[in-house]
Every structure is written in structure tokens, then in C-alpha cells.
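One structure is given below, encoded as C-alpha cells.
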Amino acid sequence: MAGGAREVLTLQLGHFAGFVGAHWWNQQDAALGRATDAKESPGELCPDVLYRTGRTLHGQDTYTPRLILMDLKGSLSSLKEEGGLYRDKQLDAAIAWCGKLTTHKEELCSPPLTTATTPKPLIPTEASIRVWSDFLRVHLHPRSICMIQKYNHDGEAGRLEAFGQGESVLKEPKYQEELEDRLHFYVEECDYLQGFQILCDLHDGFSGVGAKAAELLQDEYSGRGIITWGLLPGPYHRGEAQRNIYRLLNTAFGLVHLTAHSSLVCPLSLGGSLGLRPEPPVNFPYLHYDATLPFHCSAILATALDTVTVPYRLCSSPVSMVHLADMLSFCGKKVVTAGATIPFPLAPGQSLPDSLMQFGGATPWTPLSACGEPSGTRCFAQSVVLRGIDRACHTSLIESQGRIIIHLQVSLSSPSSAVESIPVFGALCSSSSLHQTLEALARDLTKLDLRRWASFMDAGVEHDDVAELLQELQSLAQCYQGGDSLVD
1 MAGGAREVLT LQLGHFAGFV GAHWWNQQDA ALGRATDAKE SPGELCPDVL YRTGRTLHGQ
61 DTYTPRLILM DLKGSLSSLK EEGGLYRDKQ LDAAIAWCGK LTTHKEELCS PPLTTATTPK
121 PLIPTEASIR VWSDFLRVHL HPRSICMIQK YNHDGEAGRL EAFGQGESVL KEPKYQEELE
181 DRLHFYVEEC DYLQGFQILC DLHDGFSGVG AKAAELLQDE YSGRGIITWG LLPGPYHRGE
241 AQRNIYRLLN TAFGLVHLTA HSSLVCPLSL GGSLGLRPEP PVNFPYLHYD ATLPFHCSAI
301 LATALDTVTV PYRLCSSPVS MVHLADMLSF CGKKVVTAGA TIPFPLAPGQ SLPDSLMQFG
361 GATPWTPLSA CGEPSGTRCF AQSVVLRGID RACHTSLIES QGRIIIHLQV SLSSPSSAVE
421 SIPVFGALCS SSSLHQTLEA LARDLTKLDL RRWASFMDAG VEHDDVAELL QELQSLAQCY
481 QGGDSLVD
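If you're matching positions, the sequence shown starts at 1 in UniProt numbering and goes up one per residue.
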């Protein structure tokens with residue numbers, strides 16, 4: 001890799017993870033576009049950390065995400081599993097013919113003349129977006145997409161609903177070998193692999209897929225960083241009993257098992273709670289969004305993720321994934337919370353210290369881990385990143401009463417008034433709020449009559465597994481009670 005980039009391989013597991021990932025890669029692609037502009041100065045982030053160079057069989061140079069993506073049958077819409085850069089699925093097939101080649105070319109029918117009434121390429125609207133591939137703008141390598149054909153994305157039957165189902169997927173030789181082959185393909189071309197980041201759905205069976213994937217990575221690539229982002233979609237409703245119970249069980253099993261095999265785990269959600277009791281979604285003072293739309297929720301989480309991951313993506317920085325995880329996870333505290341201020345409110349002529357002073361003693365970010373308000377809690381360790389305030393020409397300055405809608409359609413449908421970039425304040429925090437959150441998860445689990453949810457247990461989970469889960473949740477919760485902290 002040019003410049004000795006410390007490469008990161010991304011695993012994207014699940015459909016909501018696909019939404020977050022699509023926004024994430026679109027943001028990286030936009031940054032690459034700005035970097036190629038002659039007027040844009042070189043950035044501090046190294047794109048080679050996330051991207052790889054390659055070449056097609058026809059000699060075309062490519063620059064694609066270092067990504068392995070798993071989703072269910074029916075989730076790709078018009079996107080082809082092999083991507084759009086290569087015509088052949090069999091990339092490794094040897095060319096058997098060594099003789100002279102002759103090309104016969106026939107002109108296609110002439111295209112119609114362009115007129116003033118010719119419609120422009122359609123931009124997907126929020127109403128038309130059903131799956132993440134509807135708005136992904138980035139070309140993927142043919143080895144990126146891995147479809148789980150035995151489960152369906154659409155419909156009520158054949159769904160990947162339970163943790164045990166997800167675990168069993170990667171116990172099957174077919175899928176395990178396919179994942180291992182893709183891992184080896186990407187890892188073997190890396191010079192300075194620092195680790196893996198896993199974007200994983202927590203609320204459904206992909207929590208089990210993520211747990212087995214993290215276990216495989218820990219076994220195969222010991223010493224590399226594994227940072228897992230456990231993703232949950234927007235708020236849920238009390239009336240959906242089975243879905244809520246499955247959500248609770250999958251989240252609890254996912255958190256515990258991912259923590260066991262990851263360097264660091266961070267839940268990401270705009271919901272107010274991880275437990276059974278629904279809580280209102282979080283509120284951003286300067287941002288309007290619809291919490292019922294995965295497209296909106298995933299855009300916000302991807303924006304926060306793009307900021308809090310900056311430390312291990314810088315061109316020159318002593319902080320690697322392993323170092324970041326070690327700093328935040330001492331004494332067994334491997335679960336952290338995330339927060340962000342989107343956008344950061346820096347008024348015209350205001351200095352950064354003055355802007356921070358307006359928060360008083362309150363935490364200057366909105367919580368993004370469904371762990372409640374951080375006010376009054378103890379902070380054991382934290383990583384804080386503030387971006388976008390030192391480039392006035394690329395920063396939208398916000399009036400105190402202003403509101404900004406930030407999503408894909410704003411920047412595309414009204415370019416004259418679009419917000420091209422915003423300042424973002426993001427943080428990862430090891431906090432005592434996790435004590436209450438994990439304890440509450442354990443309490444909700446003890447209230448369940450597992451005999452009523454035999455379908456979840458039949459998917460590969462034993463009663464002893466639930467008892468062990470409760471014990472591990474309570475042990476993990478104790479790590480965040482008392483002790484020294486940065487803020488008392």
C-alpha cells in the first residue's frame with residue numbers, strides 16, 4: 001500500500017448494517033471526490049486504510065472498499081452480486097486459448113438525440129428506497145457481496161430472526177469457507193493490517209452471524225484489532241410482542257458474545273432504550289429527521305461513525321485500532337457508548353471555547369447507544385473528535401434558531417442551497433451509564449417465560465445458554481460500577 005497505510009477490513013452484516021454502510025461508503029466516496037479536486041488541499045484521513053487498489057481483467061484500474069458484506073436473498077434490488085466493475089464472475093479462471101485473437105465489432109443502434117425534454121437520471125426518493133442498494137453510489141469488488149440464500153429478506157416466512165439461526169449460518173461449511181476465502185483474499189494483500197471493523201445488526205439473527213464472525217477473526221488473526229459496531233434501527237412499538245422479545249434476546253446474546261471476541265463493542269441506535277420498554281428516539285437540536293425511516297437513522301449513525309473512527313484512519317497517528325480499544329476498555333470495560341453533536345453549533349465569529357461554554361456542565365453530545373442520558377454518570381475513559389470547524393469555505397454556520405435537514409436528497413435535489421459539509425463532534429465513552437443499561441437488560445430477561453418463546457430456543461439456544469447469558473451480563477455490568485473515573 002502506498003504510504004504504508006495501516007489497512008482495515010470492514011465486515012458489514014445485516015440489512016440495517018447495509019443502510020449504515022451505504023451512507024458510510026457514499027461519504028468516503030464524496031471525500032475522495034473532493035480530494036481529487038485541484039482546489040482541495042490533501043486531507044488528514046488516509047483513504048487507503050479503507051480502500052484497495054486493483055485492476056480488472058481488461059486492465060482497468062479500480063479503487064474499491066476493502067469490504068465483505070453479508071445479507072439475505074432479495075436484498076440487492078438491481079445490484080448484481082458480483083458488482084458492476086467486472087463482466088465475469090469467474091475472475092480467477094485461466095485463459096485457455098493462446099492463439100491469435102480477432103475482434104469483430106458491430107455498431108449498436110444510434111442513441112436518440114438529446115433534447116431539452118430528455119429526463120435527467122432519476123434520483124431515488126425517500127419513498128422509493130426499499131433496500132440499501134437503492135442509494136449506494138460506490139462500486140464494490142466482486143468478492144465483497146456474500147448472499148445468504150437460505151433466508152429471505154422480504155416476507156414473513158424464511159426470515160433470519162434469531163441469534164441461534166445466525167450462529168448456525170457460519171457453522172455451515174459452505175458459508176464458513178466462503179467467508180474464510182474472502183478474508184484471506186483481502187488480508188493477504190495487506191502490508192500493515194491493523195484490524196477489522198464489524199458493522200453488525202443486533203436486533204435480528206445477524207447478531208449470531210456477527211458473533212461467529214468475530215470468533216473466527218479472533219482465532220485466525222490474533223493480535224489484530226476487532227471493533228464491532230452493534231446496529232439497531234429506530235424506535236419500536238410495545239404492541240409487537242414477538243418482535244420485541246426477539247429483539248431483546250438477540251441484542252443481549254449479541255452484546256455478550258461480541259464482547260467476548262472483540263477488542264471493543266459499541267451499540268449504535270437512535271432509540272432511547274435497549275430493553276423491552278420503548279423510549280422516544282433521541283433529539284438533535286439542529287437536525288430534523290424521521291425516526292421511522294431507516295434511510296434517515298442510518299445516515300445519522302454513519303455520520304457519527306465517520307467521525308469517531310478518525311483516530312485510526314489518520315495519515316499519521318500513533319493511535320491504531322488496538323491502541324484505541326486498549327485505552328477505552330481497561331479493566332474489562334469492552335463495551336462503550338457513542339455520542340455526537342450533528343451539526344456542531346459554532347456561530348459566526350464565535351470561538352470554540354465560547355461555543356463549548358454554552359453547554360455549561362452538560363455533556364455536549366447526543367447519546368447514540370440507547371443507554372440513556374449521560375448526565376450525572378461517571379466517565380472512565382473517552383475518545384473525542386471534533387471535525388469541520390477550521391475550513392470556513394466548507395462549513396455551514398448555523399444560526400441559533402436554524403434547523404438543517406441532512407440526508408442524500410438535500411444535497412442532490414437542490415444543489416444551490418445544499419449543505420456540502422457540517423462540523424461534527426463525536427465521542428466514544430466508557431461510562432457508568434452502561435451499568436444501568438446492562439443491569440436493565442438482565443432484569444428484562446429474567447421476566448421472560450421462555451416456554452412461550454420456544455421458536456427462539458428451537459433455533460439453537462438452550463436454557464443453560466440463557467442462564468449463562470444472565471450471569472455474563474451481570475458480570476459485565478459490574479465492570480462499570482464504581483472505580484476511578486475522569487468525571488465524578
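For every residue, glycine included, the Cβ atom is placed at its ideal position computed from N, Cα and C.
Residue i classed as buried or exposed, judged by whether at least 16 other C-beta atoms fall within 10 angstroms
i	result
G349	exposed
V471	It should be pointed out that residue 471 corresponds to Gln in this sequence rather than to Val. That one is exposed.
C331	exposed
T292	exposed
M357	exposed
P280	exposed
L57	exposed
G155	exposed
P318	exposed
F359	exposed
S316	exposed
D204	buried
S475	exposed
Any C-beta of chain B under 8 Å from that of residue i
i	result
L270	Note that chain B does not occur in the displayed structure, where there is just one protein chain.
Rounded separation between residue i and residue j - CA only
i	j	result
S355	P364	10 Å
M321	C266	14 Å
S207	L352	40 Å
E180	Y192	19 Å
L408	I227	Reliability of the predicted coordinates at L408 is poor, the pLDDT of 35 falling under 50, and the value obtained from them is presented with this limitation in mind. Roughly 27 Å separates the two Cα atoms.
residue 531	Q197	Missing from the structure shown is residue 531; the chain here goes from 1 to 488 and no further.
G18	H288	22 Å
I129	H153	15 Å
P124	K73	22 Å
T53	P173	30 Å
Q481	A362	21 Å
D290	A299	11 Å
L32	P343	21 Å
T10	P285	32 Å
A347	E373	25 Å
L450	I422	47 Å
T437	L324	23 Å
D263	S273	Per the sequence shown, the amino acid found at residue 263 is Ser instead of Asp. If you take the alpha carbons of S263 and S273, they lie about 24 Å apart.
T337	D326	15 Å
First and last residue of the uninterrupted beta strand (DSSP E) at residue i
i	result
I226	225-231
A340	337-341
S431	424-431
G195	195-201
A381	379-387
L13	8-13
T309	Counting along the chain, T309 falls outside any beta strand (DSSP E), and DSSP gives it neither H nor E.
Y63	61-65
N152	145-152
C-beta contact flag for residue i and residue j at 8 Å
i	j	result
I148	Y186	no
G460	E126	no
G426	V308	yes
C146	I245	no
G434	C371	Note on residue identity: the sequence assigns Leu, not Gly, to residue 434. Yes, the Cβ-Cβ distance between L434 and C371 is below 8 Å.
D306	Q27	yes
R137	D219	no
L199	L270	no
C429	Q382	yes
T62	L140	no
A340	V424	yes
K333	F380	yes
E189	P142	no
Proximal residues to residue i (C-beta, below 6 Å), its chain only, five neighbours per side dropped
i	result
A302	V20, H23, W24
L202	G230, L232, T251, G254
A440	G275
V310	V385
E215	H261
L79	S133
H257	A211
R387	T307, V424
Cβ neighbours of residue i in the same chain (closer than 8 Å, five flanking residues each side left out)
i	result
G445	Strictly speaking, residue 445 in this sequence is Leu, with Gly absent from that position. Hits under 8 Å: L248, L249, A252, V466, L469, L470, L473.
R313	V8, L45, C46, V49, L50
G4	D191, Y192
Range covered by the alpha helix (DSSP H) that runs through residue i
i	result
K212	206-220
T363	From DSSP, T363 is part of no alpha helix (DSSP H); its letter is neither H nor E.
C371	Looking at the DSSP string, C371 is not in any alpha helix (DSSP H), and its letter there is neither H nor E.
G54	It is not in any alpha helix (DSSP H) - G54 instead sits in the beta strand (DSSP E) that spans 51-55.
V466	463-478
Q176	173-188
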